[in-house]
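Student:
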């Protein structure tokens, strides 16, 4: 029986595991990889303490710090979890294992809704982005194409136009978009993202639509994330995110959720901070049980 089970190996999960183990809680972290969305980011320029750091490098540093402590790391995917009548949690893994814990911290991140077109997966993190706020600085002086699936994406296109050489906005909805004069609206259907070799690495070079090819250095795909309801039955949701209070507590006592799973903004520093809050909430929950 673990004191806490942490689901997810991104900045929220790694921070949560670091703080629970330092509070002498028996901790296991479960994730198919270590790093999460950081592994899809070439360069991070807004994480305190690092003027610029590759996503994989920041992930490695976080993992190395966690591994200095007796945390068990299980490389696996979570199929589902449930809370028993005794108040403990059972987590089922894709390899058939079952883990048991007194508290649960869910940091499973977000699943981006993709375009599902040729070139997208290969160029993700190499010019293809799903977060305008995260990668805005990378677009400075460059050509960007924003593919938006709702009106909310229009403000993101306007924001990017303040830094980019040019922004082309492709609305994937019927309503007429309302964007600044710096943004060019294009009614087209994307069919492929093209790449070109830059210093030995394939990077975005253009977006191909049904009728033409449009030069671009970055392609932003802005649409709702996929809800993780298959993983967490019983948790109260707020749209596509798990509903939490300021202590990251969910409607299930003993279960916290944090990071991208708990809502916007999708920022590494926010995820790490919430991981800390969730860890302390789990510690407090266990202390309250001992007092009863």
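Numbering (our numbering), first residue to last: 163 to 454. Note that CB positions come from ideal geometry on N, CA and C, so glycine has one too. All values reported here derive from a predicted model rather than from experimental measurement.
1) For the beta strand (DSSP E) holding residue 382, just list the boundary residues, first then last.
2) Following the continuous alpha helix (DSSP H) through residue 181, name the residue where it begins and the one where it ends.
3) If you check the beta carbons only, do residue 173 and residue 428 fall under 8 Å apart?
4) Work out the CA separation of residue 451 and residue 214 for me, nearest whole Å.
5) Excluding the five sequence neighbours on either side, which residues of its own chain have a C-beta within less than 6 Å of the C-beta of residue 350, listed in chain order?
6) Using alpha carbons as the reference points, say which of 327, 348, 201 and 271 lies closest to residue 334.
7) For residue 212, does the count of other Cβ atoms within 10 angstroms reach 16, so buried, or fall short, so exposed?
8) Could you tell me which whole alpha helix (DSSP H) segments of length 4 or greater appear in the region 391 to 429?
9) Can the beta-carbon of residue 261 be found less than 8 Å from the beta-carbon of residue 167?
10) Under three-state DSSP, which class holds residue 284?
11) Should residue 272 be labelled buried (16 or more other beta-carbon atoms within 10 Å of its own) or exposed?
12) Report the residue ranges of all alpha helix (DSSP H) runs contained in full by the region 279 to 357; include only those spanning at least 4 residues, in chain order.
13) Around the Cβ of residue 259, are there at least 16 other Cβ atoms within 10 angstroms (buried) or fewer (exposed)?
14) Around the C-beta of residue 210, are 16 or more other C-beta atoms found within 10 angstroms, so that it is buried, or is it exposed?
15) In terms of residues, what are the limits of the alpha helix (DSSP H) holding residue 455?
16) Does the Cβ of residue 407 have 16 or more other Cβ atoms within 10 Å, making it buried, or fewer, making it exposed?
17) Rounded to whole angstroms, how far is the Cβ of residue 444 from the Cβ of residue 436, which I believe are closer than 8 Å?
18) Roughly how far, in whole angstroms, is the beta-carbon of residue 447 from the beta-carbon of residue 401, given that I think they are within contact range, below 8 Å?
19) In the DSSP assignment, what residue or residues form a beta bridge with residue 524?
20) Below 8 Å between beta carbons: does that hold for residue 241 and residue 254?
21) Within 10 angstroms of its Cβ, does residue 343 collect 16 or more other Cβ (buried), or is it exposed?
22) Any idea what DSSP makes of residue 447, helix, strand or coil?
Tutor: By the coordinates alone:
1) Going by DSSP, residue 382 is part of the beta strand (DSSP E) stretching over 380 to 384.
2) Looking at the DSSP string, the run of the alpha helix (DSSP H) that includes residue 181 is 173 to 184.
3) no
4) If I take the Cα positions, the gap works out to 43 Å.
5) 332 and 371
6) 348
7) exposed
8) none
9) A contact, by the Cβ cut-off of 8 Å.
10) The answer is helix: DSSP assigns residue 284 an H, G or I state.
11) buried
12) The region 279 to 357 contains these whole alpha helix (DSSP H) runs: 282 to 285, 294 to 297 and 314 to 323.
13) exposed
14) Classification for residue 210: exposed.
15) With the chain covering only 163 through 454, there is no way to say anything about residue 455.
16) exposed
17) That pair is no contact at about 12 Å.
18) In fact, because the Cβ distance is near 26 Å, the residues do not count as touching under 8 Å.
19) Because the chain in this structure spans residues 163 to 454, residue 524 falls outside the shown range and cannot be described.
20) yes
21) exposed
22) helix
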